[in-house]
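Everything in the sequence shown is counted per my numbering, starting at 4 for the first residue and increasing by one.
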Amino acid sequence: SNPNVEINVIDPLLRKGYLFKGQARIIKDGSLYDEILNHYRKKGIKSPINSIVLVDVSDVSEVTSPLYDMGISEQEIKSKWKKHFESL
């Protein structure tokens, strides 16, 4: 299988965020699994965690909506999307 991944993390109101590219691996046991699991348990996470996806990020870039290229302000975009989500 292909371990290459791209993950977009976007603020739903501002329509801005980041694109992370890298290689993913699934960890189901071993010392690294135990270390990561312990981190989440210390944070109070009680949900079962059977496997962990770890991404070795090789590139990060900013992502913005094309609306910004049209000269629409951040406040206008935020207001538009806030109204949209409130209407759902």
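Quick reminder that beta carbons are idealized off the backbone N, C-alpha and C, glycines included.
Can residue i and residue j be called in contact, C-beta distance under 8 Å?
{"i": "Lys19", "j": "Glu9", "result": "no"}
{"i": "Ile55", "j": "Tyr71", "result": "no"}
{"i": "Leu22", "j": "Val66", "result": "yes"}
{"i": "Ser68", "j": "Ile80", "result": "yes"}
What's the C-alpha gap between residue i and residue j?
{"i": "Ile29", "j": "Leu57", "result": "6 Å"}
{"i": "Ile39", "j": "Gln26", "result": "18 Å"}
{"i": "Pro51", "j": "Gly33", "result": "16 Å"}
{"i": "Ser4", "j": "Tyr43", "result": "28 Å"}
{"i": "His87", "j": "Ser76", "result": "17 Å"}
{"i": "Ser61", "j": "Asn11", "result": "14 Å"}
{"i": "Gly47", "j": "Pro6", "result": "30 Å"}
{"i": "Glu89", "j": "Gly74", "result": "24 Å"}
{"i": "Asp59", "j": "Ile13", "result": "20 Å"}
Report, in whole angstroms, the separation of the C-beta atoms of residue i and residue j, which I expect to be a contact under 8 Å.
{"i": "Lys31", "j": "Asn53", "result": "7 Å"}
Exercise for the section: Let me know the beta strand (DSSP E) ranges lying completely inside the region 7-73, each 3 residues or longer, listed in chain order. Expected result: Scanning the region 7-73 for uninterrupted beta strand (DSSP E) segments of 3 residues or longer gives 7-13, 19-30, 55-67, listed from N- to C-terminal end.
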